[in-house]
Amino acid sequence: VRSRFAPCLRALRFLPPPAGRPLPFYRVWVHWLRGAEGKVTMCGCPRKLEARPCAVCNEVFRLRRTGHKADAEMATKMSAKMQVYAQVVNLTTAKDAEKGVQVYPFGVRIYEGLLAYLTDETDPVDFTDPGQGFNVIIDRAGAGETTEYTTRIERQPTSLKQAALRVLLGKDDKPSQEK
Numbered sequence: 042v043r044s045r046f047a048p049c050l051r052a053l054r055f056l057p058p059p060a061g062r063p064l065p066f067y068r069v070w071v072h073w074l075r076g077a078e079g080k081v082t083m084c085g086c087p088r089k090l091e092a093r094p095c096a097v098c099n100e101v102f103r104l105r106r107t108g109h110k111a112d113a114e115m116a117t118k119m120s121a122k123m124q125v126y127a128q129v130v131n132l133t134t135a136k137d138a139e140k141g142v143q144v145y146p147f148g149v150r151i152y153e154g155l156l157a158y159l160t161d162e163t164d165p166v167d168f169t170d171p172g173q174g175f176n177v178i179i180d181r182a183g184a185g186e187t188t189e190y191t192t193r194i195e196r197q198p199t200s201l202k203q204a205a206l207r208v209l210l211g212k213d214d215k216p217s218q219e220k
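Under the numbering used here, the sequence shown has 208 at position 167, and the numbering climbs by one with no breaks.
As structure tokens, then:
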């Protein structure tokens, strides 16, 4: 199930990874295709996911070989992109928190930002710990292909239950601006 989140994401609490998995993320590779009416469709890439032939990848390779700039641009738009999923509780507002655990889809920029916190050699941050974890703040600026995301940690460890209760009781309407 894919959840729809508001355009400007704010405070998310990531759930810990399932037993036996080191990270809470599920990575897949997808093609984003624009149809004749401009509707965008996502489809999984069998070449990247299962090492099987992929008709879209074959077209991407063909377009890159033509030597035309427009074909190269189309190939870039059609090539498989990483899409990442994780289980989260959205703590932006009480209404969001009431929805409980949701599947949050995000791209490579947010993934790399989150991974940097988990794997930092000098100060690793386990924001997934349900007892002493941290809220993740994701801000969005811009729109379309120029959208930029910043990922930061709210450096006040709280249990997931305490964080959710704070939001549900109206005691924490907005995440802190602390960096």
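Just so you know, even glycine gets a beta-carbon here, dropped at the ideal spot from N, CA and C. Quantities reported herein were computed from a predicted structural model and do not represent experimental measurements.
C-beta atoms of residue i and residue j nearer than 8 Å
{"i": "Arg-68", "j": "Asn-176", "result": "no"}
{"i": "Lys-89", "j": "Trp-70", "result": "yes"}
{"i": "Leu-56", "j": "Val-144", "result": "no"}
{"i": "Ala-116", "j": "Leu-132", "result": "no"}
{"i": "Leu-159", "j": "Asp-170", "result": "no"}
{"i": "Arg-181", "j": "Thr-188", "result": "yes"}
Member of the options whose CA lies at the smallest distance from the CA of residue i
{"i": "Ile-179", "options": "Gln-173, Trp-70, Gly-148, Asp-170", "result": "Gly-148"}
{"i": "Tyr-152", "options": "Asp-112, Thr-191, Ala-60, Pro-171", "result": "Thr-191"}
{"i": "Arg-196", "options": "Thr-188, Arg-150, Pro-63, Pro-165", "result": "Pro-165"}
{"i": "Val-97", "options": "Lys-118, His-109, Lys-80, Thr-199", "result": "Lys-118"}
{"i": "Gln-173", "options": "Val-81, Ile-194, Leu-156", "result": "Ile-194"}
{"i": "Gly-185", "options": "Arg-62, Val-81, Ala-113, Val-130", "result": "Val-81"}
Exposure label - residue i; buried when at least 16 CB within 10 Å
{"i": "Gln-128", "result": "buried"}
{"i": "Asp-161", "result": "exposed"}
Opposing strand residues paired with residue i [DSSP bridges]
{"i": "Phe-147", "result": "Val-125"}
{"i": "Cys-84", "result": "His-72"}
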